[in-house]
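Undergrad: To convert, take the position in the sequence shown, counting from 1, and add 850; that gives my numbering.
All residues carry an ideal CB built from backbone N, CA and C; glycine is no exception.
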Amino acid sequence: MSSFLREKYGKVEYPVSTNDLTILIEQKTSELDLYADLSNEGNNVEGMTVFSHKALPRVMISNFLSTSSNHANRLRTTLTHEFGHVVFHDFIWSFEQPSLFKSDSGDLTIRCNRDTILNARDVDWLEWQAGYVSGAFLMPLSLVKEIVFRIYKDTNTFGKVSSASDVGRKMITQVQSFFQVSEAAARVRLLKLDYLQEGKTVAQSMNLF
851 MSSFLREKYG
861 KVEYPVSTND
871 LTILIEQKTS
881 ELDLYADLSN
891 EGNNVEGMTV
901 FSHKALPRVM
911 ISNFLSTSSN
921 HANRLRTTLT
931 HEFGHVVFHD
941 FIWSFEQPSL
951 FKSDSGDLTI
961 RCNRDTILNA
971 RDVDWLEWQA
981 GYVSGAFLMP
991 LSLVKEIVFR
1001 IYKDTNTFGK
1011 VSSASDVGRK
1021 MITQVQSFFQ
1031 VSEAAARVRL
1041 LKLDYLQEGK
1051 TVAQSMNLF
């Protein structure tokens, strides 16, 4: 992501625009369909990546996301999730496991529903990896760390905090606002980076600053 932004603008700035995300995907795929009808692909399927021996991968995004301004953040998350599949999972062609993704055309298809795009279980390794990549592309560690440590300083806190605590909610809100992502995406990114945890807080006060 950084190299793409630097090549295009001569600098790296966040948040990444939806337009830049689509351009990035178009460079790596044979087709990007932002207005696909995925209603017959399964419950809550919002994105699909199709791998073929004959061409670069194809990405399809549900028209439900692309036609509503209320879902702009979910669209961005889904775009980067599918991009994660494109970049990291083309190698699946080397495995003889067609039953996992088989389609009538013989292509390998990964269907991504709303529940797994953000927070798939780690045993679902394709979705987990794509979800992690999505968070990393939209919310890079170095900038998330700056936000978190600024909050640590302001609140005289360090360590993991509960996602339901005042400090935890402040982290989520500031990450969400800075990167223009959904509240859920910000929360999951902070959880995966071990700045947040569910349940009781383990954060402590300390005069580090």
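1) For L929 and L871, what's the separation of their Cα atoms in angstroms?
2) With G1018 as the anchor, note down where its alpha helix (DSSP H) starts and where it stops.
3) Is L915 near L991, with beta carbons less than 9 angstroms apart?
4) When burial is assigned at 16 or more other CB atoms within 10 Å of the CB, is E896 buried or exposed?
5) So for S984, helix, strand or coil by DSSP?
6) Please classify D1004: does DSSP put it in a helix, a strand, or coil?
7) How long is the line joining the alpha carbons of F941 and V909, rounded to whole angstroms?
8) May I ask which residues mark the beginning and end of the alpha helix (DSSP H) holding E881?
9) May I ask you to verify whether the segment 957-977 touches the segment 1012-1022, counting CB pairs closer than 8 angstroms and requiring at least 3?
10) By Cβ distance, which residues of its chain are closer than 7 angstroms to E977, with the 5 residues on each side in sequence left out?
11) Please return the same chain residues whose Cβ sits closer than 7 angstroms to the Cβ of R924, not counting the five positions on each side in sequence.
12) Just to check my reading of the structure: F854 and L874 have Cβ atoms closer than 8 angstroms, yes? What is that Cβ distance to the nearest angstrom?
13) Tell me the DSSP bridge mates of T899?
14) For K878 and L906, I'd like the C-alpha separation in whole angstroms.
15) DSSP three-state label for L968, please.
TA: Short version:
1) 7 angstroms
2) D1016 to F1029
3) no
4) With 16 or more other CB atoms across the displayed protein chains lying within 10 angstroms of its CB, E896 is buried.
5) helix
6) Residue state, collapsed to three classes: helix.
7) 16 angstroms
8) Where E881 is concerned, there is no enclosing alpha helix (DSSP H), although the beta strand (DSSP E) it sits in stretches over E881 to A886.
9) no
10) C962, T966 and A970
11) L915 and S1032
12) 5 angstroms
13) V909 and I960
14) Approximately 7 angstroms, taken between the alpha carbons.
15) helix
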